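By the count of the numbering used here, the sequence shown reaches residue 114 at its end, each step adding exactly one.
Worksheet: one structure, shown below.
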Amino acid sequence: MASPRGTKQETIDRANRFARIIATGGRRSDCIRYAAENWGVGPRSCDQYLKLAREQLKADWDIERPQMIADLLSQCSTLQLEARRAGQYHIALGAINTAAKLAQLCS
8 MASPRGTKQE TIDRANRFAR IIATGGRRSD CIRYAAENWG VGPRSCDQYL
58 KLAREQLKAD WDIERPQMIA DLLSQCSTLQ LEARRAGQYH IALGAINTAA
108 KLAQLCS
């Protein structure tokens, strides 16, 4: 088990781990349980890691709307191509429809 009081790098690593837990649907209680089991730290220390994790998640999404739409359109295009290659035409059609909505070509 790692030391309860971590180095600066351990703090970053722990915040990153919390960000992954949150991004996959985890809650504060999931983070606290994980930290207690793996790092031997309590809720108070977890709150600092959670603060850093939430700042990281916010920064990931703090981009301008046109850039966000461009990123999502690119992902839809890639998904659509991969779905066609795999013969998953209903997935390809869903990606095409989503791209059209993002581009505001249809409602």
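Glycine residues also receive a C-beta, built at the ideal position from the N, C-alpha and C atoms.
If you're wondering where the values come from, they're calculated on a predicted model, not measured in any experiment.
The DSSP-derived three-state label of Thr-85 is helix.
Rounded to whole angstroms, the Cβ separation of Leu-79 and Leu-109 is 5 angstroms, and the two are in contact under 8 angstroms. Asp-37 and Ile-28 have their C-alpha atoms some 8 angstroms from each other. Counting along the chain, no alpha helix (DSSP H) covers Thr-31, and no H or E run does either. Look at the beta carbons and you see the region 35 to 51 not touching the region 68 to 84: under three pairs across the two are nearer than 8 angstroms. DSSP, reduced to helix, strand and coil, places Glu-62 within a helical segment of the structure shown.
The Cβ atoms of Tyr-56 and Ala-22 sit closer than 8 angstroms to each other.
DSSP places Gly-101 in the helix class (H, G or I) of the three-state scheme.
DSSP, reduced to helix, strand and coil, places Asp-20 within a helical segment of the structure shown.
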